[in-house]
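Q: Protein chains in written order, with numbering that gives the first Met the number 0: chain X, 0 to 149; chain V, 0 to 149. Backbone N, C-alpha and C fix where the C-beta goes; we use that ideal spot for every residue, glycine too. Just so you know, these numbers come straight off a predicted model, no measurement behind them.
Number of protein chains: 2
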Amino acid sequence: MAGVMEKTRIEEFIRFCRERHLNVTHQRLAIYQALLNSTEHPTAEDIFRTIQSDYPTISRATVYKTLELFEREGIIRKVSFPHETAARYDANPQRHHHLFCVQCHRVEDLSHPQLDALPLSKRALNNYQVIDHVVHINGICPACQQKRRS
Amino acid sequence: MAGVMEKTRIEEFIRFCRERHLNVTHQRLAIYQALLNSTEHPTAEDIFRTIQSDYPTISRATVYKTLELFEREGIIRKVSFPHETAARYDANPQRHHHLFCVQCHRVEDLSHPQLDALPLSKRALNNYQVIDHVVHINGICPACQQKRRS
DNA sequence: TTGACAAATGAGAATTGTTCTTATTTAATA
DNA sequence: TATTAAATAAGAACAATTCTCATTTGTCAA
C-alpha cells in the first residue's frame, strides 16, 4: 500500500522534473525518496546519513542544494523551530500545521479545516498580502506525558 | 510616554531578578533594555552590536547566555523562521502571532483574539497537552507590495 | 563598609549548520 | 555515441552558537 503510494509519488516527481527541465539524477531521487519515507521532518544531515548507505560518495553540498531546489519548486517545505539550530524539511507541501513536543522535539503534522481559515480583514492583517499561514502548537506529546507520570 | 513605560518595565525586571536571586548586572539591564527598545525582533548579533557602543567589552557569550536565561525565565521569547539562520528574540512574552514578509524578512507582531482560540478537541490534537500556539503568517508587507508595483 | 563567595563575564577556541568554489562527472538530446 | 549544459563531490570558507576557564562583579552577612 505504502509502496504503491510511493511509486506514484516518485513517478509524479519524475514527470515534474522533466517538465521543468531538471535532470532526474540518482541523488535527487534518493533525497526525495528519503523525505517521502520519513514522517520525522528530517534535517539535511539526517537525509545525508540516510542516503549514505546507498550512495557512499554523496556530498552534503548536494543535499543542501537539492533541498533548496525542491523548496523553490514548491514540492517540499523548509520549517524551523526555536531551540533547534538545524532546519527541517517536510515532503508534505499542502497546508498543514505543526504539533511540536517541547520535551522530545518531535514534530507532527496536523491537518484540520478549523485551522486553515484565517478570518481576518486585510486591515487586521496590517495590509499584508497573505500567502499562507501555519499554526505552530507547542505542547507535550502523549509519550512524554507518560514519561512524566512514571 | 515611551520613557515612562520603559522605566516601569525595567523596574519590574529588576524586581523580578531579585525575587529569583538573579544578579542584576549592567549587561543584563542593557540587553533587556535593547529588546524593549526594538520592535524588529533582533538577533543576538543585533543586540550585541547595539550594546557595544555603551559596553565596548561586552562579549557575545554573555549576550547568548543572557538571552537563554531570559527565555528560560519566561520574560522573552525566542522565535525562528525558515530562510533565516539566526534566531530572533521578542520582548513581548504574551500570546501574539507573527506576520512575516517573505520579501524583506520583516516580522511584525499581530495580536488578534480571533487567532488566540484553538477550537480543537484533545483527540483532534493527537492527545497533545497543549501549552500555547503561534500563528505564523507569510505574506508581502505594504512597503514591498509598493516596490513590486513600481 | 568591607570581605567572602557564588554568580556572571570576557576572550577566544571549538563546534555545528550552511554556503561557496572548482574540477570532475553525468543526464539529456541530437 | 558525442556534445554540452547541468549536476555533483570534496573540502574550504563562513556564520551562528556553545564551551572553557581565568578574571571580575554583585550580593549578603558581619
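Span of the alpha helix (DSSP H) holding I74 of chain V?
A: Working through the second sequence from its first residue, we reach residue 74 of chain V at position 75. That residue, I74 of chain V, is in no alpha helix (DSSP H); it is neither H nor E in DSSP.
Q: On the premise that I130 of chain V lies in contact with N137 of chain X, defined as a C-beta separation below 8 Å, what is that separation, rounded to the nearest angstrom?
A: In the first sequence, the residue the question calls residue 137 of chain X occupies position 138. In the second sequence, the residue the question calls residue 130 of chain V occupies position 131. Indeed they touch by this definition, with Cβ atoms about 5 Å apart.
Q: Hey, is H111 of chain V's beta-carbon within less than 7 Å of any beta-carbon in chain X?
A: Taking the second sequence and counting its residues from 1, the one referred to as residue 111 of chain V is at position 112. Yes, H111 of chain V counts as interfacial toward chain X.
Q: Got a sec: is the Cβ-Cβ distance from C103 of chain X to anything in chain V below 7 Å?
A: Within the first sequence, residue 103 of chain X is the residue found at index 104, counting from 1. No - not a single Cβ of chain V is within 7 Å of the one on C103 of chain X.
Q: Going by the DSSP bridge assignment, what does C100 of chain X pair with across the sheet?
A: Taking the first residue of the first sequence as 1, we reach residue 100 of chain X at position 101. In DSSP, C100 of chain X forms a bridge with X:G138.
Q: Closest Cβ-Cβ distance between V78 of chain V and chain X: below 7 Å?
A: Along the second sequence, one-based indexing puts residue 78 of chain V at 79. With 7 Å as the cut-off, V78 of chain V counts as an interface residue toward chain X.
Q: Taking 7 Å as the threshold (beta carbon to beta carbon), is Y127 of chain V in contact with chain X?
A: Residue 127 of chain V sits at position 128 when you count from the first residue of the second sequence. Yes, Y127 of chain V counts as interfacial toward chain X.
Q: List the endpoints of the continuous alpha helix (DSSP H) containing Y31 of chain X.
A: The sequence position of residue 31 of chain X within the first sequence is 32, counting from 1. Its alpha helix (DSSP H) spans residues H25 to N36.
Q: Is there a Cβ of chain X sitting closer than 7 Å to that of P141 of chain V, yes or no?
A: Along the second sequence, one-based indexing puts residue 141 of chain V at 142. Yes - at least one Cβ of chain X is within 7 Å of the one on P141 of chain V.
Q: Drop a sphere of 10 angstroms on the beta-carbon of V134 of chain V, count the other beta-carbons inside from all chains shown, and report buried for 16 or more, exposed for fewer.
A: Within the second sequence, residue 134 of chain V is the residue found at index 135, counting from 1. So V134 of chain V ends up on the buried side.
Q: Residues of chain X with CB closer than 7 Å to the CB of V133 of chain V, please, in chain order.
A: Stepping through the second sequence from its first residue, residue 133 of chain V is reached at position 134. Going along chain X in sequence order, the residues near V133 of chain V (Cβ under 7 Å) are H135.
Q: What residues in its chain sit with their C-beta under 8 Å from that of C140 of chain V, if we drop five residues either side in the sequence?
A: In the second sequence, the residue the question calls residue 140 of chain V occupies position 141. The answer, listed in chain order, is L98, C100, Q102, C103, R105 and E107.
Q: Find out if the Cβ-Cβ distance for the pair K77 of chain X, E70 of chain X is shorter than 7 Å.
A: Here residue 77 of chain X corresponds to residue number 78 of the first sequence, with the count starting at 1. Here residue 70 of chain X corresponds to residue number 71 of the first sequence, with the count starting at 1. Yes, these two residues count as a Cβ contact at 7 Å.
Q: Quick check: I9 of chain X and A29 of chain X, are their CB atoms within less than 7 Å of each other?
A: Sequence index remark: in the first sequence, residue 9 of chain X carries index 10 (1-based). Sequence index remark: in the first sequence, residue 29 of chain X carries index 30 (1-based). Contact: no.
Q: What's the call for A142 of chain X, buried or exposed, on a 16-neighbour Cβ count within 10 Å?
A: Sequence index remark: in the first sequence, residue 142 of chain X carries index 143 (1-based). Classification for A142 of chain X: exposed.
Q: Suppose contacts are defined by Cβ-Cβ distances below 7 Å. Is T56 of chain X in contact with A85 of chain X by that definition?
A: Numbered from 1 along the first sequence, position 57 holds the residue referred to as residue 56 of chain X. Numbered from 1 along the first sequence, position 86 holds the residue referred to as residue 85 of chain X. Not a contact, by the Cβ cut-off of 7 Å.
Q: To which residues does DSSP link E10 of chain V through a beta bridge?
A: For the purposes of this step, residue 10 of chain V is taken as residue 11 along the second sequence, with counting starting at 1. In DSSP, E10 of chain V forms no bridge with anything.
Q: Is the separation between the beta-carbon of L117 of chain X and that of H95 of chain X shorter than 7 Å?
A: Here residue 117 of chain X is taken as the residue at index 118 of the first sequence, counted from 1. Here residue 95 of chain X is taken as the residue at index 96 of the first sequence, counted from 1. Cβ distance not < 7 Å, so L117 of chain X and H95 of chain X don't count as in contact.
Q: Quick check on Q144 of chain V - is its C-beta less than 7 Å from some C-beta in chain X?
A: Your numbering for residue 144 of chain V matches position 145 in the second sequence. Yes, contact with chain X.
Q: Would DSSP call I57 of chain V helix, strand or coil?
A: The count along the second sequence starts at 1 and reaches residue 57 of chain V at position 58. It is coil, neither helix nor strand.
Q: In three-state DSSP terms, what is Y88 of chain V?
A: Against the second sequence, residue 88 of chain V aligns to sequence position 89. Note: Y88 of chain V maps to strand in three-state DSSP.
Q: Does any residue of chain X have a CB that is nearer than 7 Å to the CB of L21 of chain V?
A: Walking along the second sequence from the start, residue 21 of chain V turns up at place 22. False, the Cβ-Cβ gap to chain X never drops below 7 Å.
Q: Go ahead and label A60 of chain V buried or exposed: buried means 16 or more other beta carbons lie within 10 angstroms of its beta carbon, across all protein chains shown.
A: On the second sequence, position 61 is the one that residue 60 of chain V refers to. Burial call: exposed.
Q: Report, in whole angstroms, the separation of the C-beta atoms of A123 of chain V and L35 of chain V, which I expect to be a contact under 8 Å.
A: Residue 123 of chain V sits at position 124 when you count from the first residue of the second sequence. Residue 35 of chain V sits at position 36 when you count from the first residue of the second sequence. Between L35 of chain V and A123 of chain V the Cβ distance is about 38 Å, and since that is not below 8 Å, they are no contact.
Q: In whole angstroms, give me the CA-to-CA distance for Q128 of chain X and P92 of chain V.
A: By one-based count along the first sequence, residue 128 of chain X stands at place 129. By one-based count along the second sequence, residue 92 of chain V stands at place 93. If I take the Cα positions, the gap works out to 26 Å.
Q: With a 10 Å radius around its C-beta and 16 neighbouring C-beta atoms as the bar for buried, classify V23 of chain V as buried or exposed.
A: Numbered from its first residue, the second sequence carries residue 23 of chain V at position 24. It counts as exposed.
Q: Look at the alpha carbon of D53 of chain X and the alpha carbon of H25 of chain V, and state the distance between them as a whole number of angstroms.
A: Residue 53 of chain X sits at position 54 when you count from the first residue of the first sequence. Residue 25 of chain V sits at position 26 when you count from the first residue of the second sequence. Each residue's alpha carbon lies about 55 Å from the other.
Q: What span of residues does the beta strand (DSSP E) with L109 of chain X cover, start to end?
A: Translated into the one-based positions of the first sequence, residue 109 of chain X becomes position 110. Segment V106 to L109, the beta strand (DSSP E) holding L109 of chain X.
Q: Who are the near neighbours of R27 of chain V in its chain, counting only those whose CB is closer than 6 Å to its CB and skipping five residues on each side?
A: The residue you call residue 27 of chain V lines up with position 28 of the second sequence. So the list reads T65, once near-sequence residues are dropped.
Q: Work out the CA separation of Q32 of chain V and M0 of chain V for me, nearest whole Å.
A: Taking the first residue of the second sequence as 1, we reach residue 0 of chain V at position 1. Taking the first residue of the second sequence as 1, we reach residue 32 of chain V at position 33. Because the pLDDT at M0 of chain V is just 49, under 50, the model does not fix this residue reliably, and the point stays unresolved.
Q: Can you pull the chain V neighbours of I130 of chain X, defined as C-beta to C-beta under 9 Å?
A: Stepping through the first sequence from its first residue, residue 130 of chain X is reached at position 131. What I130 of chain X touches in chain V: V101, I136, N137, G138 and I139.
Q: For a contact meaning CB atoms closer than 8 Å, what does H82 of chain V contact in chain X?
A: Taking the first residue of the second sequence as position 1, residue 82 of chain V is located at position 83. The answer, in chain order, is K77.
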